[in-house]
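Worksheet for the structure shown next.
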């Protein structure tokens, strides 16, 4: 059997984001590692970010350990770090088989292979069964051609990327072993959840389902995982939490599902088991707000729910329903938010600015909604980002937000706007709203929600400047901050 090393690359957006705490173990790699280990395949997971490995350290490690396969996880935010690791792995050991897997690889597989010559394969979608078959079929020196019929792989044929048939999703998630947390230095992860009245609690992320039945235009989850939601059984989920509590002293859980209540009946059953077993863990999760019931949220509260997140995305019905594709009424939002306030659950709503065709008037509907609940709930806002494989990417290419010939493998292409402080190197969708208006909206939210002063981020922002465009955008943001600080928010913008 080949010797496998699976890497989380060092540096980049996530390393900076988690540098002050709350680093989360890589669930995807841990699940693949658990499957390979169960089948007797030698596997090592190398979280270079947590271990503090430099690029030189990684090269030395690959040369010393002589792995046969190097797999690298990749997100759109951290894609350039993953590309660099693939290149260095091939340089350090030319005969190694290099594989990319993860959300970005799944949605931009052909783009990766066509532009990264050191990359041999892309694992598209779920990686457990595909990686296992690769390890069983491939032997050192055999070349990638022997994998030409392995479902779920994208590889080269005649010098161009070519996709094998997709691999069917894993129907029964209970057949997967628990993530192999023992394959990483668990003590180095510092993920905590700040639970009111309890303080920071040692926490872990647990994924109980895969897939999302909805189809928001900016999201790749339904394409990557599928719109049919596959769910672990309540017993399987609770048994894993018990194990994590026993082995690692876990006191809180972040349910990492896209939609924890995709099946309200199953969510109810998980809570019943947590209560019956006396788990005494606090948890947070993301839900679809229009399918929540009073009975379910009360049950979740008894089971340990303290923090509930849900996406509304926009205050405007037109933007939310016609542009985003989220068929949610404001009445549903107000109802669920009211329940959270009544039950003492911290509510967090996701909002986005700069949707396609969104006007200044419509954006103000979002701001007014945020201000209506100011000081009573939390709001997470973002400028709309473009991710590969989404309906929004198609719109971005059609409208010129992503210029002709755009590739996800090239950095800082002229005409592509990014804001590294906000979301790594993911392109922003700037359309109807001007940059100055977007800055005004974001800063208004920041000032009204008592977030830390943007001035505290100024030194790091200045260090991130890569072009005159970056400088100009930061200058506009700074000017808007001073304007709002001293003159307040205007309902009419000449920005």
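In my numbering, the protein residues as written are 19 to 513.
Beta carbons: idealized from backbone N, C-alpha and C, even for Gly.
Since the model is a prediction, treat every value here as computed from it, not as a measurement.
Asked	Found
Identity of the residues DSSP links to residue 515 by a beta bridge	Outside the modelled stretch of the chain, which goes from 19 to 513, sits residue 515, for which no answer is possible.
Helix, strand or coil at residue 397 [DSSP, three-state]	strand
Buried versus exposed, by CB contacts within 10 Å (16 or more), residue 99	buried
The alpha helix (DSSP H) enclosing residue 283, as first and last residue numbers	282–294
CA-to-CA distance, residue 153 to residue 213, given in whole angstroms	43 Å
First through last residue of the alpha helix (DSSP H) which encompasses residue 195	No alpha helix (DSSP H) holds residue 195; DSSP gives it neither H nor E.
Touch test, the region 313–328 against the region 233–244, Cβ-Cβ under 8 Å, three pairs minimum	no
Start-to-end residues for the alpha helix (DSSP H) that takes in residue 174	Careful: residue 174 lies outside any alpha helix (DSSP H), inside the beta strand (DSSP E) at 171–175.
Bridge partner(s) assigned by DSSP for residue 368	329 and 398
Contacts around residue 225, its chain only, beta-carbon distance under 7 Å, and the 5 residues preceding and following it disregarded	45, 274 and 275
Neighbourhood of residue 202 by C-beta distance below 6 Å, restricted to the same chain and skipping five residues each side	43, 63 and 65
Secondary structure of residue 111, DSSP reduced to three states	coil
Which residues DSSP lists as bridging residue 178, in chain order	175
Residue 70, buried or exposed, once every other Cβ within 10 Å from all chains shown has been counted against 16	exposed
Cβ neighbour criterion (16 or more within 10 Å) applied to residue 124	buried
C-alpha gap between residue 20 and residue 72, whole angstroms	25 Å
Beta-carbon gap between residue 278 and residue 307 smaller than 8 Å	no
Alpha carbon of residue 509 to alpha carbon of residue 485, nearest angstrom	Since pLDDT at residue 509 reaches only 48, below the 50 mark, its modelled position is unreliable, and no value is offered.
Assigned exposure category for residue 261 - 16 Cβ within 10 Å defines buried	exposed
Where residue 149 sits in the DSSP three-state scheme	helix
Anticipated Cβ contact below 8 Å, residue 132 with residue 178, distance rounded	7 Å
Whole-angstrom distance between residue 90 and residue 25, CA atom to CA atom	5 Å
Spatial neighbours of residue 345 in its chain, beta-carbon cut-off 6 Å, leaving aside the 5 residues before and after	339
Through-space distance from residue 364 to residue 321, alpha-carbon basis	15 Å
Alpha carbon of residue 298 to alpha carbon of residue 421, nearest angstrom	52 Å
C-alpha gap between residue 406 and residue 295, whole angstroms	42 Å
8 Å Cβ cutoff met for residue 49 and residue 146	yes
Beta-carbon proximity check, residue 30 vs residue 442, cutoff 8 Å	yes
C-alpha gap between residue 343 and residue 116, whole angstroms	37 Å
Integer Cβ distance of residue 56 from residue 195, believed to fall under 8 Å	5 Å
Beta-carbon spacing of residue 80, residue 107 below 8 Å	yes
Span of the beta strand (DSSP E) around residue 220	217–224
Cut-off 6 Å between Cβ atoms - residues of its own chain near residue 230, not counting five sequence neighbours on either side	239, 240, 276 and 277
Nearest to residue 207 (by Cα), restricted to the options 216, 220, 198 and 215	220
Cβ neighbour criterion (16 or more within 10 Å) applied to residue 390	exposed
DSSP three-state assignment for residue 67, whether helix, strand or coil	helix
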